[in-house]
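The structure appears right after this line, and notes come after that.
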Amino acid sequence: MDAPTPQTEPMPTITYGPPIAMLAEVTHRCPLSCPYCSNPLELTKRDGELSTEIWVDVFRQAAELGVLQMHLSGGEPASRRDLEDMITACRDHDLYSNLITSGIGLTEKRMVELKKRGLDHVQLSLQGVDAEMADLIGGYKGGYSRKMQVAEWTTALDLPLTLNAVVHEKNIDRLPEMIDLAVAMGARRLEVATVQFHGWADKNRAALMPTREQAKLCGQRVAEARERLKGVLVIDYVPADHHADYPKPCMGGWGSTGLNVVPDGRVMPCHAAHTIPHLVFDNVKDRPLADIWEHSSAFNAYRGFDWMPEPCRSCDRKTRDFGGCRCQAMALTGDAAATDPVCIKSPMHAQLQAMAQADAEGDGELTYRTMPT
Ligand code: SF4
Ligand code: SF4
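Counting in the working numbering, the sequence shown runs from 373 upward without gaps.
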């Protein structure tokens, strides 16, 4: 890491209160094998996962810390037979529970039980707009029809439904059909997220990177649909980083709004933080969650502004984007404290754009995520 440039004016102070949301990656197991999966290449096996009792206690600790929303994710959270007990624990501690699922592993009976236990919201992933595309991308035959069933059960139970579509070179052109499908499925919200190159996605850059033109058209189509579908469907949009001039405010600033507990109990500031090799992550098996949130070295590594090098340090956008994504800076520059190369002021911006262009022109084979045994 470069030595910080001497300060010439007072740095703004950052205040952080309790986290608003927690992402509980309750398992890495998943019947699907999406090539853009952000799970790490080294997946936690079933026997390394936290027990039901520990998860239930983590949810209690999270609520006491001030967390309001619990996102249950994975892998596929329905792969855990104790998912129902986890939902009960959320309800017991007044946590708003959001099940982030591919739908595989859910039955109508299970959905009814989850609703009875207090499930508040379902977020269903959408790999494509028809069985051919969805099953190809998810690497799971029959996945699409099961997903459609789960959507029907969800809306019949009057649970709010969000669809989460990761868009990439192979499906981004079919965005208008995705939007129509979301409306037909009764979704209240659609998240259109351009693929982020973490974990397995990074192995598939050449197969998944959209072109600059595709990314631009996608943004225009989202804007048009937002206007047209006001009051019908809310559309959230994560634009293509690599074709942008400024980075996104990743996680609203490191260690400021949310935390992520992974299947073996380590606690991270974001789902890709494991890609920063020098960080040491504390485990809920060893240390209380509140203590980790406030005092762990990983959470404090990039909090605030003091760690920033130039050009971020003296940039007036730093209170808006917090210097971008630390994991992306690590992946692209080898230094997690560097300015995110997505930023036009980064000395590596031109190199990043050239790399994105080369990836977008490439047509690599898809490498599917493999499951832990
Ligand atoms: S991205 Fe695909 S493979 Fe990864 S956890 Fe989600 S559904 Fe499973
Ligand atoms: S220089 Fe840093 S703070 Fe300024 S816009 Fe770029 S990434 Fe954001």
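Glycine residues also receive a C-beta, built at the ideal position from the N, C-alpha and C atoms.
Whole angstroms is fine: what's the gap from Arg463's alpha carbon to Gly475's? Distance between the alpha carbons of Arg463 and Gly475: 21 Å.
Just mark Gln586 as buried or exposed, buried being the case when its beta carbon has 16 or more other beta carbons within 10 Å. buried
How long is the line joining the alpha carbons of Ser517 and Arg546, rounded to whole angstroms? Rounded to the nearest angstrom, the two C-alpha atoms are 19 Å apart.
With a threshold of 8 Å, establish whether the CB of Leu404 neighbours any heavy atom of ligand 1. yes
Between Pro611 and Cys697, how many whole angstroms is the CB-CB distance? I'm expecting something under 8 Å. Contact flag wrong, Cβ pair sits at about 13 Å.
Which word fits Asp613, buried or exposed, when buried means at least 16 other C-beta atoms lie within 10 angstroms of its C-beta? buried
Do Phe694 and ligand 2 come close, with the Cβ less than 8 Å from some heavy atom? Yes, the beta carbon of Phe694 sits closer than 8 Å to at least one heavy atom of ligand 2.
Indicate whether Gln700 and Asp712 have their beta-carbon atoms separated by less than 9 Å. yes
Straight-line gap, Ala662 to Thr691 (C-alpha atoms, nearest Å): 25 Å
Can you grab the Cα-Cα spacing for the pair Asp454 / Arg482, in whole Å? 11 Å
Along the chain, where does the beta strand (DSSP E) containing His400 start, and where does it finish? Boundaries cannot be given for His400, as no beta strand (DSSP E) includes it and DSSP labels it neither H nor E.
Is the beta carbon of Val656 less than 9 Å from the beta carbon of Ile648? The answer is no: Cβ separation not under 9 Å.
Helix, strand or coil: how does DSSP classify Val430 here? helix
Report buried or exposed for Gly389, applying the criterion of at least 16 other Cβ atoms within 10 angstroms of its Cβ. exposed
Return helix, strand or coil for Met720, following the three-state DSSP convention. coil
Extent of the continuous beta strand (DSSP E) run through Val610: 606-610
Report the CB separation of Gly630 from Asn411 in whole angstroms; it is logged as a contact under 8 Å. Rounded to whole angstroms, the Cβ separation of Gly630 and Asn411 is 18 Å, and the two are not in contact under 8 Å.
Tell me the residue span of the alpha helix (DSSP H) that contains Ala503. 503-510
Assigned secondary structure, Gln495 (DSSP; H/G/I helix, E/B strand, else coil): The answer is strand: DSSP assigns Gln495 an E or B state.
Quick one: give me the first and last residue of the alpha helix (DSSP H) that His667 is part of. 661-667
Which runs of the alpha helix (DSSP H) fall wholly inside the stretch 433-476 and span at least 4 residues, in chain order? 455-464
With burial defined as no fewer than 16 other Cβ atoms inside 10 Å of the residue's Cβ, what is the status of Gly624: buried or exposed? exposed
Give a single yes or no on whether Arg452 has its beta carbon closer than 8 Å to a heavy atom of ligand 1. no
Please name the residue in Gly477, Pro683, Ala708 whose C-alpha comes closest to that of Arg675. Ala708
Residue(s) in a DSSP beta bridge with Gly630: Per DSSP, Ala393.
Who are the near neighbours of Val594 in its chain, counting only those whose CB is closer than 8 Å to its CB and skipping five residues on each side? Excluding five sequence positions before and after Val594, the CB atoms of its chain that fall closer than 8 Å to its own CB belong to Leu547, Val564, Ile607, Tyr609, given in chain order.
Coil, strand or helix - Met520 by DSSP: Looking at Met520 - three-state DSSP - the assignment turns out to be helix.
In chain order, what residues of the same chain have a beta carbon less than 6 Å from the beta carbon of Asp457, not counting five sequence neighbours either side? Thr424
Our contact map puts Asn536 next to Leu498 with C-beta atoms below 8 Å; I'd like the distance itself, whole angstroms only. 7 Å
I think Ala396 touches Leu440, with their Cβ atoms under 8 Å apart; what is that distance to the nearest whole Å? Your pair Ala396 and Leu440 does not check out as a contact, with CB atoms roughly 14 Å apart and the cut at 8 Å.
Cα-Cα separation, Arg418 to Pro582: The straight-line gap separating the alpha-carbon atoms of Arg418 and Pro582 is approximately 34 Å.
Alpha helix (DSSP H) segment containing Val538, residue limits: Val538: not part of any alpha helix (DSSP H); member of the beta strand (DSSP E) spanning 533-539, first to last residue.
How is the alpha helix (DSSP H) around Glu421 delimited, first residue to last? Neither: Glu421 is in no alpha helix (DSSP H) and is coded neither H nor E.
Could you please give the first and the last residue of the uninterrupted alpha helix (DSSP H) stretch that includes Arg584? 584-600
Per-residue burial, Val633 [other beta carbons within 10 Å of its own, 16 or more giving buried]: Buried, because 16 or more other Cβ atoms sit within 10 Å of the Cβ of Val633.
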